[in-house]
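Enquirer: There's a structure below that I have some questions on.
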Amino acid sequence: MGDILNAFNNFNNTSKQLIIFFIIMGAFWTIPFCLFKPEVFEYPFYAQFALIFALSVSWFLCTLLAISKFLSFVDKDGTYTVGVASIFSIGLLCISILISYYFSNSFTFFLRIAFLCVMLPFYLLFLIFFVRLEFKKLSRNVSE
Numbered sequence: 049m050g051d052i053l054n055a056f057n058n059f060n061n062t063s064k065q066l067i068i069f070f071i072i073m074g075a076f077w078t079i080p081f082c083l084f085k086p087e088v089f090e091y092p093f094y095a096q097f098a099l100i101f102a103l104s105v106s107w108f109l110c111t112l113l114a115i116s117k118f119l120s121f122v123d124k125d126g127t128y129t130v131g132v133a134s135i136f137s138i139g140l141l142c143i144s145i146l147i148s149y150y151f152s153n154s155f156t157f158f159l160r161i162a163f164l165c166v167m168l169p170f171y172l173l174f175l176i177f178f179v180r181l182e183f184k185k186l187s188r189n190v191s192e
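Heads up: the sequence shown runs through residues 49 to 192, numbered per this note's numbering.
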């Protein structure tokens, strides 16, 4: 156990943040399986872990891609990138769980809500915001 902690202490801050985030995100991805698809827990542990890890990684990457321009605008040196993306990611996942639990009891409905109805408007919102921002920068440069 001491070797694992020593190896963890040797990582840089971003790697530590990512490891901690995936542990926390795995806990949040366990909630939809408990609510909507409890038969998943009959599978072997490694299958459950692989499924939850894959969903956590894909959800994090979708969130990171959605807010990457925002993060480059707010966090110039990149020290808080993982933390900010984690907060957005967990918040969006909680919104998806709440909407799905309120309207349905189906796991496929949850996935549709999560990736289409929550993540897609999030992408579009940031896309519109930064297109307007770039257009304003471009119009200022042309007028000068």
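The C-beta atom is built at its ideal place from N, Cα and C for all residues, glycine as well.
Taking only three categories from DSSP, how would you classify residue 85?
Expert: Counting from one through the sequence shown, the residue named residue 85 turns up at place 37. DSSP places residue 85 in coil when its eight states are reduced to three.
Enquirer: Would residue 158 and residue 84 be called neighbours here (beta carbons separated by less than 8 Å)?
Expert: Walking along the sequence shown from the start, residue 158 turns up at place 110. Walking along the sequence shown from the start, residue 84 turns up at place 36. Closer than 8 Å, so yes.
Enquirer: Suppose the cutoff is 7 Å on Cβ atoms and the five residues either side in sequence are ignored; what does the same chain contact list for residue 66 look like?
Expert: Stepping through the sequence shown from its first residue, residue 66 is reached at position 18. Around residue 66: 130.
Enquirer: I need the DSSP call for residue 154, collapsed to helix, strand or coil.
Expert: Along the sequence shown, one-based indexing puts residue 154 at 106. Correct three-state label for residue 154: coil.
Enquirer: Rounded to a whole number of angstroms, what is the C-alpha to C-alpha distance between residue 185 and residue 175?
Expert: Here the question's residue 185 lines up with position 137 in the sequence shown. Here the question's residue 175 lines up with position 127 in the sequence shown. Roughly 15 Å separates the two Cα atoms.
Enquirer: Would DSSP call residue 56 helix, strand or coil?
Expert: As a first step, residue 56 must be located in the sequence shown, where it is residue number 8. Residue state, collapsed to three classes: helix.
Enquirer: Assuming residue 99 and residue 88 form a contact by the criterion Cβ under 8 Å, report the distance between their Cβ atoms to the nearest whole angstrom.
Expert: Working through the sequence shown from its first residue, we reach residue 99 at position 51. Working through the sequence shown from its first residue, we reach residue 88 at position 40. Yes, residue 99 and residue 88 are in contact; Cβ-Cβ is about 7 Å, under 8 Å.
Enquirer: Compute the minimum distance between the beta carbon of residue 152 and the heavy atoms of the ligand GDP, and state whether it is under 7 Å.
Expert: Among the components of this structure there are no ligands whatsoever, and the ligand GDP is therefore not found.
Enquirer: To the nearest angstrom, how far is it from the Cα of residue 110 to the Cα of residue 143?
Expert: Numbered from 1 along the sequence shown, position 62 holds the residue referred to as residue 110. Numbered from 1 along the sequence shown, position 95 holds the residue referred to as residue 143. Going from the Cα of residue 110 to the Cα of residue 143 covers about 15 Å.
Enquirer: Do residue 73 and residue 118 have their beta-carbon atoms positioned less than 8 Å apart in this structure?
Expert: Residue 118 sits at position 70 when you count from the first residue of the sequence shown. Residue 73 sits at position 25 when you count from the first residue of the sequence shown. It is not a contact, given that the beta carbons lie outside the stated cut-off.
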